[in-house]
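Notes to accompany the following structure.
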Amino acid sequence: MNACRVTLTPYAGNGEILRVDVAMVFDALPVQAGQTLLRAQLNTVSVPGADMEKVWVTDCEGQVPFTTREEEEYPIRWRYFDAARTTRGSVTLRYTVTPCERPDHGRHGPYFEFARENGGVSGPGLAFLPDVPGFTGDTFLHWDFARMPANSRGVCTWGEGDVRLAGTLDSLRQAYFSLGPVQSVTEGEFGFYWLTEPAFDVRALATFTKKLFGIMQRFFRDDKAVYRVFMRHDLTESSGGTALERSYMFGWNHHQTVTVAEKQNLLAHEMVHNWPRLKDQPYGVTTWYSEGTAEYYSIMIPLRSGLITKEQALLEIQKRTDAYYTNPTRRLSNMEAARVAWQDRRAQRLSYGRGVFFLANTDAKIRKATEGKASIDDVVLYLLEQDRLGATLGNETFLEAVQNMGGIDVRADWQRMCDGDAFAPLEDSFDGLFTVTETEAVEADTGKAAVSYRWAVR
Ligand SMILES: [Zn+2]
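Its first residue numbered 96, the sequence shown is counted upward by one per residue in my numbering.
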């Protein structure tokens, strides 16, 4: 079996991590002259990755020279390394990365930086590990802490310390990492990790998240044990979360209070991202579904399982109603919104709002058409099952599933949602627990008149 052995060697100095040396040894990596050896993710949405410095490639014949070029595949900017000659046998790649500082102004972006924090570093694999298209095989991750203080730890989504991954290198790129003075609350393969000891009760947050994971796993019919959550202390005035495969990172800051009640919805939203998805190519074509389901189930699963009350759910639904129906960019289509999302962060929120209300409305319509026998849950769980079987899923698969399981054609509704045309939330949505009435409102930023909605507990 072909294998790739990855060794990460962090260097400490002046109370921080100065750099991380990366060595990747491939048993075999056959690449023809002129073909791509590897490509590094220079920029993801608006966030720069760590630059690979001192890149050095060798095989059994010695140094493998390469040329580089950059290519934009929105929302990612890649640097390609193309082999100047054909490789032979085992290939070794060595380079070094310098972690960046955490952003300290403006709005936090997605957590894609490989950033320093309190003597450690955290971030996603995609920020510092290249994509190697020519490699298939098992991946072994090894940590070398010889140049680090005692008690340093290395953790990634797939485990603490050294790990072995069956399959491709991509799982490592899709993992979150934390290294240095990492602290944690763990139970089996569930873990909650942080580098800066916060002023709030982090263990209460970890306990809540663990419980939530158990509930969501049952709902999404998931039996894999691994799930790891990484926390970052933000220097910005706002914080958010970013989900990858079986993990997410979320932030906290000194400007906003942190309690379980305040964070529970964000933690739930990021966790839902582990499950429902449709193929998002071109970028933005199915974001409504991933963000819509994350928003919908971040409210409905905690509500149905008693983790939040009807009144708390009402506040969450109202917050989303106010945000979407007064968003001055709400007439942009999904594809227009995706194009400008990272320049105009108001547009970045559109998929969340229209996604959640469209899904909630579709749920109400399916329940009505099937006299309560089916719901949007059946559609989402069916698509998830297809995803696990390796099917490629898109908007058409969704529309067909609604037709087959709910007996209704929602294509016209779906098209309105995609185009940014107006639609109202339905009273029987959100499990029929609330009433909703139209109300006059004003747009955020512009102050122009807008139509919004007010919810109340039934
Ligand atoms: Zn999300």
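For each residue, glycine too, the CB sits at the ideal point set by N, CA and C.
Values in this document were obtained by computation on a predicted structure and should not be read as measured data.
Environment of residue i [buried if 16+ CB atoms lie within 10 Å]
i	result
residue 377	exposed
residue 298	exposed
residue 443	buried
residue 246	exposed
residue 218	buried
residue 114	buried
residue 369	buried
residue 486	exposed
residue 173	buried
residue 169	exposed
residue 204	buried
residue 364	buried
residue 70	With the chain covering 96 to 553 only, the question about residue 70 has no answer from this structure.
residue 401	exposed
residue 154	buried
residue 484	exposed
residue 149	exposed
Option nearest residue i by Cα separation, candidates the options
i	options	result
residue 231	243, 258, 205, 262	262
residue 135	302, 227, 282	227
residue 103	267, 476, 175	267
residue 190	439, 120, 204, 295	120
residue 289	238, 321, 182, 347	347
residue 184	169, 157, 402	157
residue 470	488, 456, 180	456
residue 506	453, 472, 462	453
residue 195	208, 380, 187, 543	208
residue 463	521, 416, 414	521
residue 513	337, 430, 152, 182	430
residue 305	281, 171, 316	281
Sequence-distant residues of its chain with Cβ nearer than 8 Å to residue i (five each side left out)
i	result
residue 235	98, 99, 100, 101, 257, 258, 259, 260
residue 201	331
residue 65	There is no way to answer for residue 65, as the model of the chain reaches only from 96 to 553.
residue 265	226
Separation of residue j from residue i, as counted between CA atoms
i	j	result
residue 126	residue 497	45 Å
residue 229	residue 123	9 Å
residue 549	residue 447	18 Å
residue 132	residue 143	21 Å
residue 405	residue 398	7 Å
residue 465	residue 501	6 Å
residue 302	residue 244	29 Å
residue 539	residue 106	47 Å
residue 145	residue 206	13 Å
residue 326	residue 438	26 Å
residue 294	residue 279	15 Å
residue 531	residue 468	24 Å
residue 449	residue 313	27 Å
residue 210	residue 291	13 Å
residue 188	residue 137	18 Å
residue 334	residue 392	21 Å
Integer Cβ distance of residue i from residue j, believed to fall under 8 Å
i	j	result
residue 311	residue 367	7 Å
residue 271	residue 339	6 Å
residue 345	residue 361	6 Å
residue 536	residue 421	5 Å
residue 140	residue 192	Not really, about 19 Å apart at Cβ, beyond 8 Å.
residue 395	residue 523	Not a contact, Cβ separation roughly 14 Å.
residue 241	residue 284	Actually they are not in contact, since the Cβ atoms of residue 241 and residue 284 sit about 27 Å apart, beyond 8 Å.
residue 224	residue 248	That pair is no contact at about 19 Å.
residue 478	residue 492	7 Å
residue 382	residue 490	That pair is no contact at about 11 Å.
residue 379	residue 432	7 Å
residue 269	residue 221	7 Å
Other residues of its chain near residue i: CB distance less than 7 Å, five sequence neighbours each side excluded
i	result
residue 534	547, 548, 549
residue 515	425, 426, 427, 428
residue 300	355, 358
residue 475	371, 388
residue 504	498
residue 179	128, 160, 161, 162
residue 545	420, 421, 536, 537, 538
residue 110	214
residue 440	202
residue 488	373, 374, 478, 481, 482
residue 96	232, 233
6 Å CB neighbourhood of residue i in its chain, flanking five on each side removed
i	result
residue 276	214, 215
residue 511	518
residue 323	252, 286, 342
residue 353	295, 347
residue 403	397
residue 434	none
residue 197	210, 330
residue 436	442, 443
Any non-hydrogen atom of ligand 2 closer than 8 Å to residue i Cβ
i	result
residue 432	The ligand content of the structure shown is limited to ligand 1, which means ligand 2 is not among them.
Within-9 Å CB hit, residue i to chain C
i	result
residue 549	Absence of chain C from the displayed structure is noted, only one protein chain being present.
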